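Residue numbers for the sequence shown follow the working numbering, so the first one is 160 and each next one is one higher.
Step one of this worksheet: look at the structure below.
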Amino acid sequence: MNKIIFRTDGGGNVGLGHLSRCLSLAESLKEKGIKCVFATKDIDSKIGGMIVSNGHLIEKLPSEISLEEDLNLTINLIKNIRPDLVITDSYEIDQSYLEQLKKLNIILMSIDDLAKLHFCSDIVLNQNIGAQNSDYSIEKYTKLLLGPEYALLRKKARDKQGLKEIKEIAKNILITLGGTDPDNQTLKIVKALKDIKNNIVVTVIMGPHYQYEELLRKEIGVSNQFFLVSDPQDIFGLMEKADMAVSAGGSTCYELAYLGVPNIIMVMADNQKKIAEELDSYGISINLNWFEDVTEEYIKKAGENLIKDRNKREKMSTKGRKLVDGRGVERVVEEITKQINRVVINENRT
Numbered sequence: 160m161n162k163i164i165f166r167t168d169g170g171g172n173v174g175l176g177h178l179s180r181c182l183s184l185a186e187s188l189k190e191k192g193i194k195c196v197f198a199t200k201d202i203d204s205k206i207g208g209m210i211v212s213n214g215h216l217i218e219k220l221p222s223e224i225s226l227e228e229d230l231n232l233t234i235n236l237i238k239n240i241r242p243d244l245v246i247t248d249s250y251e252i253d254q255s256y257l258e259q260l261k262k263l264n265i266i267l268m269s270i271d272d273l274a275k276l277h278f279c280s281d282i283v284l285n286q287n288i289g290a291q292n293s294d295y296s297i298e299k300y301t302k303l304l305l306g307p308e309y310a311l312l313r314k315k316a317r318d319k320q321g322l323k324e325i326k327e328i329a330k331n332i333l334i335t336l337g338g339t340d341p342d343n344q345t346l347k348i349v350k351a352l353k354d355i356k357n358n359i360v361v362t363v364i365m366g367p368h369y370q371y372e373e374l375l376r377k378e379i380g381v382s383n384q385f386f387l388v389s390d391p392q393d394i395f396g397l398m399e400k401a402d403m404a405v406s407a408g409g410s411t412c413y414e415l416a417y418l419g420v421p422n423i424i425m426v427m428a429d430n431q432k433k434i435a436e437e438l439d440s441y442g443i444s445i446n447l448n449w450f451e452d453v454t455e456e457y458i459k460k461a462g463e464n465l466i467k468d469r470n471k472r473e474k475m476s477t478k479g480r481k482l483v484d485g486r487g488v489e490r491v492v493e494e495i496t497k498q499i500n501r502v503v504i505n506e507n508r509t
């Protein structure tokens with residue numbers, strides 16, 4: 160059986176984006192009979208349970224370790240497990256770390272958003288809109304997989320796409336700011352939407368590490384307009400039913416685009432800025448920019464305008480579905496299996 164190690168983290172200040180997209184990829188690799196092992200730190204029992212329930216193994220790394228200690232533990236793990244391929248997805252990992260892994264004579268893949276390193280990896284994946292070959296410093300052998308053509312959508316999202324009804328007036332609004340929302344921007348959005356006079360119904364998704372549920376419930380009170388859902392099992396069912404959404408600028412944007420859901424983006428992290436700008440320029444999303452600069456009044460106006468503008472929502476929906484076709488994971492898995500098979504063939508020849 161082929162084996163792959165994912166070196167990634169999720170939870171706390173890191174958020175769940177890295178882990179979530181790795182799980183999307185691991186899900187499809189498992190279907191190909193590939194055993195996936197997650198080498199990770201900073202995960203709690205809830206996140207660990209999410210990995211294990213999907214049929215993968217966990218190798219926990221200590222939380223408070225230096226990058227050098229992290230590297231040494233990962234090298235030992237690779238020597239013990241002897242995987243066919245190692246995938247890294249972490250902003251902490253630097254060029255030297257990757258070079259030391261590559262010396263182990265392994266196939267190395269890096270999932271990236273920033274294009275700040277020189278990559279010695281065999282595969283570099285950047286699923287973000289606007290990513291270009293010229294952004295990257297790579298080796299001659301490195302294969303670049305760039306853009307939403309390679310978006311790592313979860314299978315439950317890929318299974319949902321159908322015809323999208325665009326209503327004259329948007330009624331069902333979804334708020335989803337990822338797994339953590341440490342600055343509680345969800346509350347700010349709720350306050351803004353409460354002031355909208357249209358007969359809207361707002362579903363608020365609270366991620367597994369959201370810590371402000373009590374404040375949120377106090378703000379909403381007894382309401383037939385706002386509904387709180389904590390870490391839902393079928394988040395994509397909620398997305399599918401939404402007429403529009405307010406989201407952060409991470410991977411969720413590609414899932415919403417695939418499902419044809421027009422969305423308003425609030426940028427929650429530096430790596431989301433370019434994504435939000437590009438999606439806005441393509442006419443797929445509305446970019447509110449950096450969260451600290453966004454007022455309740457600004458959110459309210461953007462929401463009111465989009466609720467009433469059927470033509471704009473229809474164009475956003477169509478463009479989103481055109482940009483993200485849902486076959487990104489399939490394409491990435493195909494490249495991974497090509498690389499593994501190429502090594503096997505070469506070994507058999509020798």
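Ideal Cβ placement from N, Cα and C applies to all residues, glycine included.
Note that the structure is a prediction, hence the values are computed from the model and not measured.
For this session: Inspect the beta-carbon positions of Tyr441 and Ile288 and report whether they are closer than 8 Å.
Result: yes
Exercise. Val492 and Lys191: beta carbons closer than 8 Å?
Worked result: yes
Exercise. Which whole-angstrom value describes the C-beta separation of Thr199 and Ile217, a residue pair presumed to lie in contact below a C-beta threshold of 8 Å?
Worked result: 7 Å
For this session: Grab me the residues of Ile266's own chain with a C-beta within less than 6 Å of its C-beta, minus the 5 sequence neighbours each way, in chain order.
Result: Leu244, Asp281, Gln498
Exercise. Who are the Cβ neighbours of Gly515 in its own chain at under 6 Å, not counting the five residues just before and after it?
Worked result: Since the first and last residues shown for the chain are 160 and 509, residue 515 lies out of range.
Exercise. Looking only at DSSP bridge pairs, what is Met427 linked to?
Worked result: Met427 pairs with nothing; no bridge assigned.
Problem set entry | Run of the alpha helix (DSSP H) containing Cys195, from where it starts to where it stops | Here Cys195 belongs to no alpha helix (DSSP H); instead the beta strand (DSSP E) covers 194-199.
For this session: Decide if the region 415-431 is in contact with the region 325-345; the criterion is three or more beta carbon pairs, one per stretch, under 8 Å apart.
Result: yes
Exercise. Taking the DSSP output, what are the residues bridged to Lys162?
Worked result: Lys194
Problem set entry | For Ser296: DSSP bridge partner residues | His277
For this session: Pick out whichever of Lys330, Ile458, Asp340 has its Cα sitting closest to the Cα of Gly176.
Result: Asp340
For this session: Can you tell me which of Ile270, Lys326, Ile210 puts its alpha carbon nearest to the alpha carbon of Asp155?
Result: Nothing in the structure corresponds to residue 155, since the chain is present only between 160 and 509.
Exercise. Leaving out five residues before and five after Glu372 in sequence, what residues of the same chain have Cβ atoms less than 8 Å from its Cβ?
Worked result: Met365, Leu387, Ser389
For this session: With a threshold of 16 other CB atoms inside 10 Å of the CB of Asp168, please say whether the residue is buried or exposed.
Result: buried
Problem set entry | Three CB pairs or more closer than 8 Å across the region 308-316 and the region 178-185 | yes
Problem set entry | Beta carbon of Cys279 nearer than 8 Å to that of Lys261 | yes
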